[in-house]
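Engineer:
2 protein chains.
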Amino acid sequence: MPLPILSDSALDQLFRHARTQNAWQDKPVGEAQLHALYDLMKWGPTSANCSPARIVFVKSDAAKRKLEPALSDGNRAKTMKAPVTAIIGTDYAFYEKLPYLFPHTDAKSWFEGNEKLIETTAFRNATLQGGYFILAARSIGLDAGPMSGFDNAMVDAAFFAGTKIRSNFIVALGYGDPDPKVLFPRSPRLAFDEACRIE
Amino acid sequence: MPLPILSDSALDQLFRHARTQNAWQDKPVGEAQLHALYDLMKWGPTSANCSPARIVFVKSDAAKRKLEPALSDGNRAKTMKAPVTAIIGTDYAFYEKLPYLFPHTDAKSWFEGNEKLIETTAFRNATLQGGYFILAARSIGLDAGPMSGFDNAMVDAAFFAGTKIRSNFIVALGYGDPDPKVLFPRSPRLAFDEACRIE
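Sequence order for the protein chains is A and B.
Reading the first sequence from the start, the letters are residues 187 to 385 in my numbering.
Reading the second sequence from the start, the letters are residues 187 to 385 in my numbering.
1. Determine the extent of the beta strand (DSSP E) in which B/ILE241 is found, giving its start and end residues.
2. For a test of your reading of the model: does the CB of A/PHE297 fall under 7 Å from any non-hydrogen atom of the ligand HEM? Yes or no.
3. Span of the alpha helix (DSSP H) holding A/ILE356?
4. Output yes if chain B places a C-beta closer than 8 Å to the C-beta of A/TYR281; else output no.
5. Taking the CB atoms as reference points, tell me whether A/TRP210 and A/GLY316 lie closer together than 8 Å.
6. Among the residues of its own chain, which have a CB less than 7 Å from the CB of A/ALA204, if the five just before and after it don't count?
7. Within this structure, are the beta carbons of A/PRO231 and B/PRO332 separated by less than 8 Å?
8. Give the range of the beta strand (DSSP E) segment to which A/MET266 is assigned.
9. Relative to the C-alpha of A/THR271, which residue among A/ASP277, A/ALA279, A/ALA256 is closest?
10. Given that B/PRO374 touches chain A, what residues does it touch there, using C-beta distances under 7 Å?
11. In this structure, does DSSP put B/PRO332 in helix, strand or coil?
12. Is the separation between the beta-carbon of A/ILE326 and that of A/LEU223 shorter than 8 Å?
13. Pick out whichever of B/LYS228, B/ASP277, B/CYS236 has its Cα sitting closest to the Cα of B/THR349.
14. Whole angstroms is fine: what's the gap from B/LEU189's alpha carbon to A/SER195's?
15. Hey, is B/PHE297's beta-carbon within less than 8 Å of any beta-carbon in chain A?
16. Show which residues of chain A have a CB atom less than 8 Å away from the CB atom of B/LEU359.
17. Taking the straight line between their C-alpha atoms, what separation do you get for B/GLU254 and B/LYS264?
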């Protein structure tokens, strides 16, 4: 039996009606929701199951104050009002975990000493996991606000010092302000023939 | 009203039970499905709506023969049997389309001449769109088999000559062989505390 097409309401929630939120209701996101989010997104596929994303959920006032100076001017105020902001980091030492993650062969040796392959594999796969993260958030009823407008080096110094983890992008999580005046009109997308071809 | 958590069957289909398929039923994927897939994944968020993914759906025998020599030995035979394989490309000239995609400001000027920003933005956002692509495929009942085991330069020469599009990764699409013997047991994932922390 082939799997079905998901319901229109699910497809709307995941893709068609979901928006990158810019303003947040004063409504908390609990730790159980963050665990539920991770326990979905972790199943998304990565190359050799390498799973290089590392996530810091910035939730407390102290953590928000650490993040604040790194944010671009346009992102600062709104991000401070989000109940949680996730820093999606990329672990450039991801291959150390391959004996656990990909146990049936010596995948660690594919990467050791190959800096170009490490860099490309880490960035591609942590970013893919960031995409799964955004859709997993939406799938449990959260709004997501992904952003790359911040100072990566400042975030790395504040949250990832002493590791090979580097910030990739950040995602505010919560419940978007339902007032239609706070969101831009939706921007256009490329038509199929501008972005795709079938050969 | 907050949005609901999607049904368990939807979460299973998207995340928990979905597998990277290695063998395919002899059952076609039609052009209408490829349009439906794109018309979902296109809504996923990208930085400044830059939408740099460009997709070639390899469907005909002639297109498959063009792709075949670029595939790694381990991926060749199974990929030739997939009804469709999508090449997810990254357009490093994506900023040329920003006057259309992000019309309310001159975002094109943020990128022109800034090669490092172009490169990072293009790769990050086309890869995010690749993540949306995989989950959009699953959401319409297709199985997906993402792979990065191929010769990027050969694929670029065969499919993207004369453009600034470079292959990112590929995704076989179809209906996975339901025989449980053809799939590996599922590999483990990192526990929450190994991949995440809440601050």
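Glycine included, every Cβ here is placed at the ideal spot set by N, Cα and C.
Note that the structure is predicted; figures quoted are calculated from it, not measured.
Structural biologist: Walking through what the data contain:
1. Along the second sequence, read from residue 1 onward, the residue named residue 241 of chain B stands at position 55. 239-244 is the extent of the beta strand (DSSP E) around B/ILE241.
2. Ligands in the displayed structure: none, and consequently the ligand HEM is not present.
3. Looking up residue 356 of chain A in the first sequence gives position 170. Unbroken run through A/ILE356 is the beta strand (DSSP E), 351-360; no alpha helix (DSSP H).
4. Here the question's residue 281 of chain A lines up with position 95 in the first sequence. No, A/TYR281 does not count as interfacial toward chain B.
5. In the first sequence, the residue the question calls residue 210 of chain A occupies position 24. In the first sequence, the residue the question calls residue 316 of chain A occupies position 130. No, the pair does not count as a contact, with Cβ atoms beyond the cut-off.
6. Taking the first residue of the first sequence as position 1, residue 204 of chain A is located at position 18. The answer, listed in chain order, is ARG324.
7. Numbered from 1 along the first sequence, position 45 holds the residue referred to as residue 231 of chain A. Numbered from 1 along the second sequence, position 146 holds the residue referred to as residue 332 of chain B. Against a cut-off of 8 Å, the Cβ pair of B/PRO332 and A/PRO231 comes out as a contact.
8. Position 80 of the first sequence holds residue 266 of chain A. Not the beta strand (DSSP E): A/MET266 falls in the alpha helix (DSSP H), residues 259-267.
9. Position 85 of the first sequence, counted from the start, is the residue given in the question as residue 271 of chain A. The candidate whose alpha carbon is nearest that of A/THR271 is A/ALA256.
10. Along the second sequence, read from residue 1 onward, the residue named residue 374 of chain B stands at position 188. Within chain A, the residues near B/PRO374 are TYR286, LEU287.
11. Walking along the second sequence from the start, residue 332 of chain B turns up at place 146. Looking at B/PRO332 - three-state DSSP - the assignment turns out to be strand.
12. Taking the first sequence and counting its residues from 1, the one referred to as residue 326 of chain A is at position 140. Taking the first sequence and counting its residues from 1, the one referred to as residue 223 of chain A is at position 37. Yes, these two residues count as a Cβ contact at 8 Å.
13. As a working note, residue 349 of chain B is residue 163 in the second sequence. Looking at the Cα atoms, B/ASP277 is the closest of the given residues.
14. If you number the second sequence from 1, residue 189 of chain B lands on position 3. If you number the first sequence from 1, residue 195 of chain A lands on position 9. Going by the C-alpha atoms only, they are around 10 Å apart.
15. Here the question's residue 297 of chain B lines up with position 111 in the second sequence. False, the Cβ-Cβ gap to chain A never drops below 8 Å.
16. Within the second sequence, numbered from 1, the residue matching residue 359 of chain B stands at position 173. By Cβ distance, chain A contributes nothing, its closest Cβ being about 12 Å from B/LEU359, past 8 Å.
17. For the purposes of this step, residue 254 of chain B is taken as residue 68 along the second sequence, with counting starting at 1. For the purposes of this step, residue 264 of chain B is taken as residue 78 along the second sequence, with counting starting at 1. Going by the C-alpha atoms only, they are around 11 Å apart.
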